[in-house]
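**Student:**
Chains as they are written, first to last, in this note's numbering: chain A, 252 to 569; chain B, 206 to 484.
(1) Along the region 314 to 325 of chain B, what residues have a CB closer than 9 Å to any CB found in chain A?
(2) With DSSP as the reference, label residue 311 of chain A as helix, strand or coil.
(3) In whole angstroms, give me the CA-to-CA distance for residue 534 of chain A and residue 489 of chain A.
(4) In angstroms with no decimal places, state the Cα-to-Cα distance between residue 344 of chain A and residue 393 of chain A.
(5) Counting only Cβ-Cβ distances shorter than 9 Å, please list the residues of the region 269 to 293 of chain B near chain A, keeping chain order.
(6) Does residue 411 of chain A come out as helix, strand or coil in the three-state DSSP assignment?
(7) Are the CB atoms of residue 448 of chain B and residue 461 of chain B within a distance shorter than 8 Å?
(8) Apart from the five residues on each side of it in sequence, which residues of its chain come closer than 8 Å, Cβ to Cβ, to residue 395 of chain B?
(9) Which runs of the alpha helix (DSSP H) fall wholly inside the region 431 to 462 of chain A and span at least 4 residues, in chain order?
(10) Starting from residue 318 of chain A, follow its DSSP beta bridges and name the residues at the other end.
(11) To the nearest angstrom, report how far apart residue 260 of chain B and residue 434 of chain A are at their CA atoms.
(12) Classify residue 238 of chain B: buried if its beta carbon has 16 or more other beta carbons within 10 angstroms, exposed otherwise.
(13) Grouping DSSP H, G and I as helix and E and B as strand, with all else coil, what is residue 401 of chain A?
(14) Looking at C-beta atoms only, is the number of pairs between the region 371 to 391 of chain B and the region 280 to 287 of chain B that lie closer than 8 Å three or more?
(15) Which residues in the same chain as residue 294 of chain A place their Cβ atom closer than 7 Å to its Cβ, once the five residues preceding and following it in sequence are excluded?
(16) Nearest to residue 401 of chain A by CA position, among A:305, A:371, A:314, A:510, is which residue?
(17) So with CB distances below 7 Å, who are the chain B contacts of residue 505 of chain A?
(18) Can you give me the C-alpha to C-alpha distance between residue 247 of chain B and residue 341 of chain B, rounded to a whole angstrom?
(19) Sorted by chain position, which residues of the same chain lie with C-beta nearer than 8 Å to residue 497 of chain A's C-beta, five sequence neighbours on each side aside?
(20) Span of the alpha helix (DSSP H) holding residue 274 of chain A?
(21) For residue 423 of chain A and residue 376 of chain A, what's the separation of their Cα atoms in angstroms?
(22) Measure how close the beta-carbons of residue 328 of chain B and residue 356 of chain A come, nearest whole angstrom, since I'm counting them as under 8 Å.
(23) Taking residue 496 of chain A as part of the alpha helix (DSSP H), name the residues at either end of that continuous run.
(24) Are there 16 or more other CB atoms within 10 angstroms of the CB of residue 226 of chain B, so buried, or fewer, so exposed?
(25) Is residue 430 of chain B buried or exposed, if buried means 16 or more other CB atoms sit within 10 Å of its CB?
(26) Considering just the uninterrupted stretch of the alpha helix (DSSP H) at residue 266 of chain B, what are its terminal residues?
(27) Which residues in chain A have a C-beta closer than 8 Å to the C-beta of residue 241 of chain B? List them in chain order.
(28) Evaluate residue 349 of chain A with the Cβ neighbour count: other Cβ atoms within 10 Å of its Cβ, from every protein chain shown; 16 or more gives buried, anything less gives exposed.
(29) Would you call residue 289 of chain B buried or exposed, if buried means 16 or more other Cβ atoms sit within 10 Å of its Cβ?
(30) Looking at the unbroken alpha helix (DSSP H) that takes in residue 349 of chain A, where does it start and where does it end?
(31) Who are the Cβ neighbours of residue 352 of chain B in its own chain at under 6 Å, not counting the five residues just before and after it?
(32) For residue 336 of chain B, which of A:443, A:352, A:396 has the nearest alpha-carbon?
(33) Measure the C-alpha to C-alpha separation of residue 363 of chain B and residue 466 of chain B and round it to an integer number of angstroms.
(34) For residue 477 of chain A, does the count of other Cβ atoms within 10 angstroms reach 16, so buried, or fall short, so exposed?
(35) May I have a chain-ordered list of the beta strand (DSSP E) segments no shorter than 3 residues that lie completely inside the region 297 to 359 of chain B?
(36) With distances taken Cα to Cα, identify the nearest neighbour of residue 436 of chain A among A:378, A:281, A:262.
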């Protein structure tokens, strides 16, 4: 029998007229990462808040670390660490004071709370900023401090609600390394995100939710099989060489590429090797490019494939 | 942050150091948590001294205004006589108003998500609220020191003894620590911290002006006298007047204690319930 560190069955939650969750099932095996993928307003945060005992579900049940979130919230709170979507550090306190406070609330002796705080500041590269007020921290530093705060008690189950939203690409990858290390450490992680590449990079399994419902659950590989793998995109700096570019992409991808009106050539490819091959062949042919990329489908493309409709965000923006 | 970062591995620290120091009774743990959270509030206050204007500058300005603008008219020509009557009253009004900021701060903390962290920790739900109230002790003490200290500078003298004055300060702070639970409750139910201030002013200003803070009860119409006689601020102010100027204290003190008990019994559960419900 598989042991699930997090298990949710048919969770529902309504806020006024909005049905935030309309029967969500989630299951995360011990020591693995579940990526919960969905657009803004899909119900990701509501699900996390219910699992973290901040909110009560209208119906359905959930267990975290073997404890029922409704009947045994105190036990659940001893098991979890929570990092919210908006870094909830206290801006008027220093990094050190923030972490020591959490340690004291977890019944550590003051001396041990300090030691643990210093250790975490060091690990998160905040040691030098430890005595500065969190108000002076950059966005990335705040996220790290927030994550550090959720790790003071060495939780077995960690909730990360959009841990990289608002971070620049380099900082995102740093955060990914942190998450990977958490799992190496034995923790179970539930991570919500709006990016397929993030879920792909970190998660063992991905649950896609939309309008409070699970619309897909699979491994990253399985999901990519459904929604299509990586796309190679090339745009020549000189439009007259478009035919040559199209031919090269066709050769690399082994299929006829799409060519947009703007001269952007794109095709689905199987692996990272496609990019190297394309670069080599373009160089050999002496073709300059203004755009050359390999990327996973965007959330919008994933949703289009899974549901046949664009995400709510796009509808709003349109 | 670079690749060199290694995450804390389990067991990197001696496990004994991370285990709770000893099995503690639930209540004692909650008190310790509340004190840790009170310290947090005090650090925040120390970092933003401008947030203390309502307990430092405000009593000074009100003392000056009421003594020198209205004192002549209200005190039958003697500003000094009015100052003696006014000061205990103003102490009561200022200390009641001083609790307004508490509800505002709690409201802002919840909006910012700082309290989400506390709620996800295995601590009593009451600990963050109790902690914030305990930290407010410092603000109430400042109100007493500023009011009595500046009053002394402009000629106010106690007629009793220092011990009675300390008792007056003690009763005032104790009352404020009960009265502020109204503000905590409003802080939990109001949508914005600005709304907290608006609601609390609507409540506290009629309470303070509809009391014996500024005028003697005998000078107002009968229906208002009836209100003044049950008004908790009237009893607090009556107690303080008795203690610092001499005169009967017992009745007002008993009424004040009764009101303190009522305020706690009503507003602590209300505030806790509203806090739990607030998503």
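Glycine residues also receive a C-beta, built at the ideal position from the N, C-alpha and C atoms.
**Tutor:** In short:
(1) 314, 317, 318, 319, 320, 321, 322, 323, 324, 325
(2) strand
(3) 14 Å
(4) Rounded to the nearest whole angstrom, the CA to CA distance from residue 344 of chain A to residue 393 of chain A is 12 Å.
(5) none
(6) strand
(7) no
(8) 308, 312, 401, 404
(9) 447 to 453
(10) A:315
(11) A direct Cα-to-Cα measurement between residue 260 of chain B and residue 434 of chain A gives close to 50 Å.
(12) buried
(13) helix
(14) At 8 Å Cβ cutoff, the stretches do not touch.
(15) 271, 272, 275, 460, 463
(16) A:371
(17) Residues of chain B passing the Cβ test: none, with the nearest at roughly 35 Å.
(18) 8 Å
(19) Once the five neighbours on either side are set aside, the close Cβ partners of residue 497 of chain A are 508, 510, 516.
(20) Here residue 274 of chain A belongs to no alpha helix (DSSP H); instead the beta strand (DSSP E) covers 269 to 280.
(21) 15 Å
(22) 5 Å
(23) For residue 496 of chain A, the enclosing alpha helix (DSSP H) stretches over residues 493 to 504.
(24) Note that residue 226 of chain B scores a pLDDT of 49, beneath 50, so its modelled location is shaky and nothing firm can be said.
(25) exposed
(26) It spans 258 to 270 - the alpha helix (DSSP H) in which residue 266 of chain B sits, taken as one unbroken run.
(27) Ordered by position in chain A, the residues that pass the 8 Å Cβ test against residue 241 of chain B are 352, 355, 356.
(28) buried
(29) With 16 or more other Cβ atoms within 10 Å, it is buried.
(30) 346 to 356
(31) Excluding positions up to five away in sequence, the list reads 264, 296.
(32) Of the candidates A:443, A:352, A:396, the one whose C-alpha sits nearest the C-alpha of residue 336 of chain B is A:352.
(33) 28 Å
(34) exposed
(35) none
(36) A:281
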